[in-house]
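**Student:** In our numbering, the protein residues as written are 4 to 149.
Yeah, the Cβ is synthetic: ideal placement off N, Cα and C, and Gly gets one too.
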């Protein structure tokens with residue numbers, strides 16, 4: 004819990020630094036209110052596959068120990084979409100390997116139940132945690148749309 008509070012405090016400090024430089028007040032922020040790390044991005048599934056995934060993942064999580072030490076090696080700024088920069092911390096190489104092994108375990112469980120994950124995690128973003136999203140304000144945009 005202490006780590007989560009430190010993470011949110013660091014995210015707030017990062018936002019404060021960016022706000023100071025935003026002299027024209029043209030930026031909006033999506034600050035992280037909790038700490039999370041996505042083990043798998045399960046996209047592009049059919050509705051019937053989604054229902055199977057929910058059940059398999061719930062059972063897998065219930066029966067697995069998730070005491071996983073993860074270290075982060077660097078902060079990066081990523082341009083994700085129009086008018087958007089996201090600040091993330093990237094897990095170090097050793098943590099990437101550990102998390103990828105766990106991801107493969109989950110993918111195998113899903114395969115055992117007839118669901119093939121279409122995009123391998125290695126072809127996606129590295130394992131990371133988002134610290135802060137920064138967006139340029141536009142008339143039609145609002146924070147709620149993110």
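Shorter than 7 Å, the distance from the beta carbon of residue 9 to the closest heavy atom of the ligand PLP, or not?
**Tutor:** This structure does not include the ligand PLP; it has no bound ligands of any sort.
**Student:** Which residue from 9, 24, 138 and 41 puts its Cα closest to that of residue 90?
**Tutor:** 138
**Student:** Does the beta-carbon distance from residue 56 to residue 113 come in below 8 Å?
**Tutor:** Yes. Within cutoff.
**Student:** Would you list the residues sitting across from residue 31 in a DSSP beta bridge?
**Tutor:** 138
**Student:** Applying the 10 Å Cβ sphere with the 16-neighbour rule, what's the burial state of residue 149?
**Tutor:** Model confidence at residue 149 stands at a pLDDT of 45, short of 50, so the residue's coordinates are unreliable and nothing is read from them.
**Student:** Closest to residue 140 by C-alpha separation, out of 12, 20, 31 and 9, would be which residue?
**Tutor:** 31
**Student:** So residue 61 and residue 74 are supposed to be a Cβ contact under 8 Å. How far apart are they, rounded?
**Tutor:** Between residue 74 and residue 61 the Cβ distance is about 28 Å, and since that is not below 8 Å, they are no contact.
**Student:** Alpha carbon to alpha carbon, how far is residue 15 from residue 52? Give it in angstroms, no decimals.
**Tutor:** Cα-Cα distance, rounded: 38 Å.
**Student:** Quick check on residue 53 - is its C-beta less than 8 Å from some C-beta in chain B?
**Tutor:** Of the protein chains in the structure, only one exists, and it is not chain B.
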